[in-house]
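Quick mapping for you: the protein sequence lines, in order, are chains A and B. In terms of this note's numbering, the first sequence is residues 26 to 426. In terms of this note's numbering, the second sequence is residues 26 to 426.
Protein chains: 2
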Amino acid sequence: MGDYQVTGVQQDALGAVQLELGGNPNALALRRPFDPLAHDLEASFRLTRFADLKGRGCKVPQEVLNKLVEGLQQDYNSSSEHEHAHFMHMAIPRIGIGLDCSVTPLRHGGLCLVQTTDFFYPLVDDPYMMGKIACANVLSDLYAMGVTECDNMLMLLGVSTKMTEKERDVVIPLIMRGFKDSALEAGTTVTGGQTVVNPWCTIGGVATTVCQPNEYIVPDNAVVGDVLVLTKPLGTQVAVNAHQWLDQPERWNRIKLVVSEEDVRKAYHRAMDSMARLNRIASRLMHKYNAHGATDITGFGLLGHAQTLASHQKNEVSFVIHNLPVIAKMAAVAKACGNMSLGRNFRGLLICLPREQAAAYCKDIEKQEGYQAWIIGIVEKGNRTARIIDKPRVIEVPAKE
Amino acid sequence: MGDYQVTGVQQDALGAVQLELGGNPNALALRRPFDPLAHDLEASFRLTRFADLKGRGCKVPQEVLNKLVEGLQQDYNSSSEHEHAHFMHMAIPRIGIGLDCSVTPLRHGGLCLVQTTDFFYPLVDDPYMMGKIACANVLSDLYAMGVTECDNMLMLLGVSTKMTEKERDVVIPLIMRGFKDSALEAGTTVTGGQTVVNPWCTIGGVATTVCQPNEYIVPDNAVVGDVLVLTKPLGTQVAVNAHQWLDQPERWNRIKLVVSEEDVRKAYHRAMDSMARLNRIASRLMHKYNAHGATDITGFGLLGHAQTLASHQKNEVSFVIHNLPVIAKMAAVAKACGNMSLGRNFRGLLICLPREQAAAYCKDIEKQEGYQAWIIGIVEKGNRTARIIDKPRVIEVPAKE
Chain A
26 MGDYQVTGVQ
36 QDALGAVQLE
46 LGGNPNALAL
56 RRPFDPLAHD
66 LEASFRLTRF
76 ADLKGRGCKV
86 PQEVLNKLVE
96 GLQQDYNSSS
106 EHEHAHFMHM
116 AIPRIGIGLD
126 CSVTPLRHGG
136 LCLVQTTDFF
146 YPLVDDPYMM
156 GKIACANVLS
166 DLYAMGVTEC
176 DNMLMLLGVS
186 TKMTEKERDV
196 VIPLIMRGFK
206 DSALEAGTTV
216 TGGQTVVNPW
226 CTIGGVATTV
236 CQPNEYIVPD
246 NAVVGDVLVL
256 TKPLGTQVAV
266 NAHQWLDQPE
276 RWNRIKLVVS
286 EEDVRKAYHR
296 AMDSMARLNR
306 IASRLMHKYN
316 AHGATDITGF
326 GLLGHAQTLA
336 SHQKNEVSFV
346 IHNLPVIAKM
356 AAVAKACGNM
366 SLGRNFRGLL
376 ICLPREQAAA
386 YCKDIEKQEG
396 YQAWIIGIVE
406 KGNRTARIID
416 KPRVIEVPAK
426 E
Chain B
26 MGDYQVTGVQ
36 QDALGAVQLE
46 LGGNPNALAL
56 RRPFDPLAHD
66 LEASFRLTRF
76 ADLKGRGCKV
86 PQEVLNKLVE
96 GLQQDYNSSS
106 EHEHAHFMHM
116 AIPRIGIGLD
126 CSVTPLRHGG
136 LCLVQTTDFF
146 YPLVDDPYMM
156 GKIACANVLS
166 DLYAMGVTEC
176 DNMLMLLGVS
186 TKMTEKERDV
196 VIPLIMRGFK
206 DSALEAGTTV
216 TGGQTVVNPW
226 CTIGGVATTV
236 CQPNEYIVPD
246 NAVVGDVLVL
256 TKPLGTQVAV
266 NAHQWLDQPE
276 RWNRIKLVVS
286 EEDVRKAYHR
296 AMDSMARLNR
306 IASRLMHKYN
316 AHGATDITGF
326 GLLGHAQTLA
336 SHQKNEVSFV
346 IHNLPVIAKM
356 AAVAKACGNM
366 SLGRNFRGLL
376 ICLPREQAAA
386 YCKDIEKQEG
396 YQAWIIGIVE
406 KGNRTARIID
416 KPRVIEVPAK
426 E
């Protein structure tokens, strides 16, 4: 593949992103693909090298967390101090393992505090995009609860001790700007936070809303006959990994029979856009189409989060997933690498909708956003678990839509 | 010094702490000084070794942060989207460098969202106390603004990749419990958070309150003639360092002429208690005695935070500090180590009070808490700076009061 084609792909991907950015006068300059040389950094500079866990996500494994928080949970369950005990089943497991937000009744007339915090190690090498992705993903926890307004955002930043001063001065302001731009796009502002030094680079935040109880959707209301909708394609982490392997011949050799360099670059840009896209419209439409609950899919993967959501249902239901929409070619790459997980870090919403509303939901989201959503499964009678069928249908999602 | 005496000191310090803990049935068991062997860990296990920055605090230096956030600040200052621009001077500099909380007006009738986030690397080797200290210090940012009610607390935890499974399973639940107990003591609960793996162990949180504007005190109202009150003695970091040097002969030799092992152990326990003590009563009394503003003293030291507070004043004033209350013997240790900073990590409030109210404030806090507060300086006419006089008076504060 020649240079011309590569450039062509990058420009097209860039064009698509620029269309989305709209009013921000800095958007054009910022949305050129990040070129370390243009900032007087070494050509080999890679943001993703400032953490060792990128491929695995930064979360403590679910079973370890369960063990660690056991003591705390018991304590809360037996506590008589909590008049609002019905909130506790949502709130406490959130220490890394449970639902997406904590909900706290406030002293002031009927209002609730809805909060979430999340942070990440670099997933992509473009600092500005990494900032956007981090902010979008913190917000996604609110959106999964049907909360579309964020009242305040705090930013949590860890500056790697391994960065040179020069690298730090280039990269950190770009991350901050990406984070801030995403917050503005979501109609909120970053009013504070904390910046520390840390061996690994970290970026995250705290999203907070004060709202009335009808503004959020408690995700425990699935009924037999509902269907499951997914708002973003899987395979983002695979695309990010494959893109890094373009630099690593021994890795690249493992996948080059199933994918071209152009496919990988396209998929990578699609993945970045997808991760940076807000789930806000998806969240707003949850109210319109009477969603029975949702979760966002993050470090524990599609199945892991589906299982958590299933376990919190009031009714005796189970989730069965038949279809896996995946960024084009990334299913083949995952297979060539020994069934790499498709569902990590893709940050779509998994939404439980009444069957008769789901098609209209998908149509509406496509009309408003220009991106597809998919019906991927059903809700059956069951014991509050989730599974993917043996041979799910893989839906190839073009890198550009 | 013999073993008996060491044990004696530990028991006394323990007794004092137990008195404070009151109702918690687990308090006695938890408040024995942390003994790694009792948990099947190596005798040499030290929590503070799971981060390299403990002595220096974890903050990015102030001048570096100023540079990094420059771009963001400009942006906000020129923005026309913010109807509440008068909040912005407080809010944005909080990205590591400014005042203690962000204050955001809410959509709902006259209420404000007051938030702060902070996190720390291990400062002390006792995991339970480290949890308490972290929570107390997150809350301290609210208390510095006169906000005495915390509506919600999130916990942010980084589990060190260098811990063995055994170490993790012992230490992390103790940290969580300390954090939670401190939150309960403050009348709030930990409803969520995030736990990640990270090279260094980190512990912190997010404290949030929704309140009416009269519940917080904007710290910009100092007038000439006011005095400055400090609510905790300096020298906590010195005590923590000296305690670690008991294990390190070459370090210990540098200070053993000015301090005994018993002095160090006493000072260390005083420092832990002091750091874990809530500034909540100090905060409540700020309203009663008409405080003109306050800040809590953290990673940037007494002078650094005094300067920041001075720079935010509406009136043309400056702060002059004459007195330095220091945990007994720690001024001498600091001097023996080449003028080590006394003001780091001590987490007291520096409060600006009308002259005629200050003595009553100090008396009231001592009556309610059993701990002294000190008048340490005055407010003069000036250009919004702060200084410590050439030869400040060092007030030796006994390790037990």
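All C-beta atoms, glycine included, are put in the ideal place defined by N, C-alpha and C.
**Q.** B:Val-263 to A:Pro-130 span [Cα, whole Å]
**A.** 42 angstroms
(Q) Contact criterion: CB-CB distance below 9 angstroms. Does B:Lys-223 meet it with respect to chain A? (A) A quick correction: the sequence has Asn, not Lys, at residue 223 of chain B. It does: the Cβ of B:Asn-223 has a partner Cβ on chain A nearer than 9 angstroms.
Q: Give the single residue among B:Leu-164, B:Arg-193, B:Asn-246, B:Gln-273 whose Cα lies nearest to the Cα of B:Ser-308.
A: B:Leu-164
Q: Could you tell me which of A:Ala-76, A:Arg-295, A:Val-254 sits nearest to A:Pro-224, measuring between CA atoms?
A: A:Ala-76
Q | B:Ala-319 - containing beta strand (DSSP E), residue span | A | 318 to 321
Q: Just the C-alpha distance for B:Ala-169 and B:Val-196, rounded to the nearest angstrom, thanks.
A: 30 angstroms
**Q.** Residue nearest to B:Leu-136 in terms of C-alpha spacing, selected from B:Thr-234, B:Met-155, B:Trp-399
**A.** B:Thr-234
**Q.** Under 8 angstroms from the C-beta of A:His-442: neighbouring residues of chain B
**A.** The structure shown has nothing for residue 442 of chain A, since chain A only spans 26 to 426.
Q. What does B:Asn-177 reach in chain A if we use C-beta pairs closer than 8 angstroms?
A. Those are Ser-127, Thr-129, Leu-138, Gln-140, listed as they occur along chain A.
Q.
Can you tell me whether A:Asp-206 is helix, strand or coil according to DSSP?
A. helix
Q) Whose C-beta lies closer than 7 angstroms to the C-beta of A:Ala-247 among residues of the same chain, with five residues either side of it excluded? A) His-317, Gly-318, Gln-338, Asn-340, Val-342, Cys-377, Val-404
Q) Any Cβ of chain B within less than 9 angstroms of the Cβ of A:Val-243? A) no
Q: Report buried or exposed for A:Lys-191, applying the criterion of at least 16 other Cβ atoms within 10 angstroms of its Cβ.
A: exposed
Q: Could you pull out every residue in the same chain whose Cβ sits closer than 6 angstroms to the Cβ of A:Ile-346, ignoring the five residues on either side in sequence?
A: Ile-401, Gly-402, Ile-413
Q) Among all the DSSP beta bridges, which residues are the ones paired with B:Asn-423? A) For the sequence presented, residue 423 of chain B should be read as Pro rather than Asn. None, per the DSSP bridge assignment.
Q.
What does the alpha-carbon distance come out to for the pair A:Val-422 and A:Asp-150?
A. 23 angstroms
Q) Looking at the structure shown, is A:Ala-353 part of a helix, part of a strand, or coil, going by DSSP? A) coil
Q: Indicate whether at least one CB of chain A lies closer than 9 angstroms to the CB of B:Asp-321.
A: no
Q. Contact check, A:Glu-174 vs A:Cys-126 under 8 angstroms by CB: the rounded distance?
A. With 8 angstroms as the limit, A:Glu-174 and A:Cys-126 do not qualify as a contact, their Cβ atoms being about 13 angstroms apart.
**Q.** 9 angstroms Cβ cutoff met for A:Ser-353 and A:Val-283
**A.** The identity of residue 353 of chain A in the sequence shown is Ala, whereas the question assumes Ser. No, the pair does not count as a contact, with Cβ atoms beyond the cut-off.
Q) If you count every other CB in all the chains shown that lies within 10 Å of the CB of A:Leu-62, and 16 or more means buried, which is it? A) exposed
Q. Residues in the stretch 144 to 156 of chain B with C-beta within 8 angstroms of chain A's C-beta atoms, listed in sequence order?
A. Phe-144
Q: Using the Cα positions of B:Ile-158 and B:Asn-304, report the straight-line distance between them to the nearest angstrom.
A: 12 angstroms
Q: Note down the Cα distance separating A:Asn-431 from A:Met-300, rounded to an integer number of angstroms.
A: Since the displayed chain A opens at 26 and closes at 426, residue 431 of chain A lies outside it and no answer follows.
Q) So B:Leu-179 and B:Gly-218 are in contact, right, with Cβ under 8 angstroms, and what is the actual spacing, rounded? A) 4 angstroms
Q. B:Phe-325 by DSSP, collapsed to three states: which one?
A. coil
Q: Going by CA-CA distance only, name the one from A:Ala-68, A:Ala-232, A:Ser-185, A:Lys-187 that's closest to A:Phe-204.
A: A:Ala-232
Q: Spatial neighbours of B:Pro-147 within its chain, please: CB distance less than 7 angstroms, with the 5 preceding and 5 following residues excluded, ordered by chain position.
A: Leu-72, Thr-73, Phe-75, Ala-76, Lys-79, Met-155, Cys-226
(Q) Judging by CA-CA distance, which residue of A:Lys-257, A:Asp-288, A:Thr-256 is the nearest neighbour of A:Ala-267? (A) A:Asp-288
Q | Closer than 9 angstroms to chain A by CB, B:Gly-326 | A | no
Q.
I'd like to know whether the C-beta atoms of A:Ala-398 and A:Leu-255 end up nearer to each other than 9 angstroms.
A. yes
Q | Contact set for B:Val-172: own chain, Cβ-Cβ below 8 angstroms, skip 5 residues either direction | A | Here the set comprises Cys-126, Val-139, Thr-234, Cys-236, Glu-240, Tyr-241, Ser-308.
Q. Does any residue of chain B bring its CB to less than 9 angstroms from the CB of A:His-64?
A. No, its Cβ sits nowhere closer than 9 angstroms to a Cβ of chain B.
Q) According to the Cβ coordinates, are B:Pro-379 and B:Asn-315 closer than 9 angstroms? A) yes
Q) Since A:Arg-409 and A:Ala-335 are thought to touch, with beta carbons under 8 angstroms apart, how far apart are those beta carbons, to the nearest angstrom? A) 5 angstroms
Q) Three-state secondary structure (DSSP) at A:Ile-346? A) A:Ile-346: strand per DSSP, three-state reduction.
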